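Each remark here refers to the structure printed beneath this line.
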Amino acid sequence: MNTHSPIISARQLQKHYGDYIAVDGIDFDISPGKCFGFLGPNGAGKTTTLRMILGLTPLSGGQLSVFDLPIPERSRDIRARIGTVPQADNLDPDFTLVENLRMYARYFGLKLNDELEKRIEKLLVFAALSERRDAKTDTLSGGMQRRLTIARALINDPDMVILDEPTTGLDPQARHVIWSRLNELRDEGKTLLLTTHYMEEAERLCDELVIMDHGKILDQGSPAELIKRHVEPEVIELRSCDTDTINTIRHKISDCRVEHLGTSLYCYTHDAGPQLEYLRNEQGLTFMHRPAGLEDVFLKLTGRELRD
Ligand SMILES: Nc1ncnc2c1ncn2[C@@H]1O[C@H](COP(=O)(O)OP(=O)(O)OP(=O)(O)O)[C@@H](O)[C@H]1O
Ligand SMILES: [Mg+2]
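Printed below as a string of structure tokens:
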């Protein structure tokens, strides 16, 4: 494989379930050795896209190649070089940590020998789970289960690791440990592909990302590029328990792009100075001044209405 060619290339990729279009003709290229993110609200088509990359669900249209090999013809060979962390942990609760890793190794056709045992011990160290090696997996916390699932994905020393919401539902400590492990993997040269609902996670980990909604890609770039392209650099968030106060302020604020949500206003601007000066003298308001981030881009592109 040419080192400069993309490790995954998708052209007009589509997935239909009956009349429903889950992935609607998307194009993307993923470079080797990078961390690439798929961001999007619930139902955007992220997991479906990952499942097509893994050859677990057939394409309804378009072309997809991974490691320069076509899907579906070479799906088996492709899967052998990818580690997967599915959206929901699927560890076997009746087995210990070590047994879970051995079982997964067998699934990849790896021989159960000393070399594999050493690899398992190394992966347990990587996941900070050595002390629990002989415990059943249902005795582990959510963070431990997620770390074990990531360790399990590495059993075949894959070139690429695909992680579907690696830290959903975890506490900040557990999340930070996983971020540091994922950075280590990228530093080793592995390509990482992940979906997430946490914008901080995407900003910290992803070199490049796409924002998806309703099966389409809305935009693509590095987190910094996307922020620069779509939102003003400064944000003032205003709150009041009184709707009238918010409505009045909304009409008094100028030189801002304003988004109104209930009793909150989000004012996006290139220079918050004059607004802050004015707001300091207003009564019945709380406000916060902060730099714009990926969450602002995400909400601008995908909207603020609920998706459930
Ligand atoms: N097997 C299926 N049959 C019918 N519809 C499906 C199937 N799998 C997914 N869908 C639908 O396709 C759409 C995209 O689903 P997908 O799981 O890819 O979304 P997602 O972006 O991963 O969302 P989430 O953030 O909630 O995980 C959803 O509307 C979902 O209901
Ligand atoms: Mg999903």
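Residue numbering for the sequence shown follows our numbering, starting at 22 and increasing by one per position.
Virtual Cβ for every residue (Gly too), placed ideally from N, Cα, C.
This one's a predicted model, so the numbers in the text were calculated from it and none came from an experiment.
Rounded distance between the beta-carbons of Ile92 and Leu80, thought under 8 Å: The pair is a contact, with the Cβ atoms about 7 Å apart (cut-off 8 Å).
Proximity to Asn121 [Cα-Cα], best of Leu145, Asp208, Val279: For the residues Leu145, Asp208, Val279, the minimum Cα distance to Asn121 belongs to Leu145.
Coarse secondary structure for Phe49, derived from DSSP in three states: Three-state DSSP puts Phe49 in a strand.
From Tyr287, Tyr299, Met220, Arg173, residue whose alpha carbon lies closest to that of Pro336: Given a span of 22 to 329 for the chain in the structure shown, any question on residue 336 remains unanswerable.
Reference Asp180; option with closest CA among Arg154, Cys262, Gly242, Leu214: Measuring from the Cα of Asp180, the nearest candidate turns out to be Leu214.
Inter-residue spacing [alpha-carbon to alpha-carbon] between Thr323 and Leu131: Going by the C-alpha atoms only, they are around 44 Å apart.
Thr170 beta carbon less than 9 Å from that of Thr189: Judged by their CB atoms, Thr189 and Thr170 are not nearer to each other than the 9 Å cut-off.
Whole-angstrom distance between Thr117 and Met124, CA atom to CA atom: C-alpha separation (whole angstroms): 10 Å.
The stretch 202-212 in contact with the stretch 41-50 per 3-pair CB rule at 8 Å: Too few Cβ pairs lie closer than 8 Å, so no.
Alpha-carbon to alpha-carbon, Ser261 and Arg301: Spanning the two alpha carbons is a distance of roughly 14 Å.
Cα-Cα separation between Leu133 and Glu221, rounded to whole angstroms: So the alpha carbons of these two residues sit roughly 40 Å apart.
Close Cβ partners of Ile42 (< 6 Å) along its chain, the five nearest in sequence each way excluded: Closer than 6 Å at Cβ, skipping near neighbours: Gly236.
Cβ-heavy atom distance, Glu186 to ligand 1, below 8 Å: Taken from the Cβ of Glu186, at least one heavy atom of ligand 1 lies inside 8 Å.
Rounded separation between Gly242 and Phe57 - CA only: When the Cα atoms are used, Gly242 and Phe57 turn out to be separated by approximately 10 Å.
Euclidean distance between Cα positions of Leu175 and Glu229: Approximately 22 Å between the Cα atoms of the pair.
Identified DSSP bridge partners for Val279: Its beta-bridge partners are Cys288.
Leu297 - containing alpha helix (DSSP H), residue span: Its alpha helix (DSSP H) spans residues 294-300.
Length of the line joining the Cα atoms of Arg168 and Pro27: For Arg168 and Pro27, the gap between their C-alpha atoms comes out near 28 Å.
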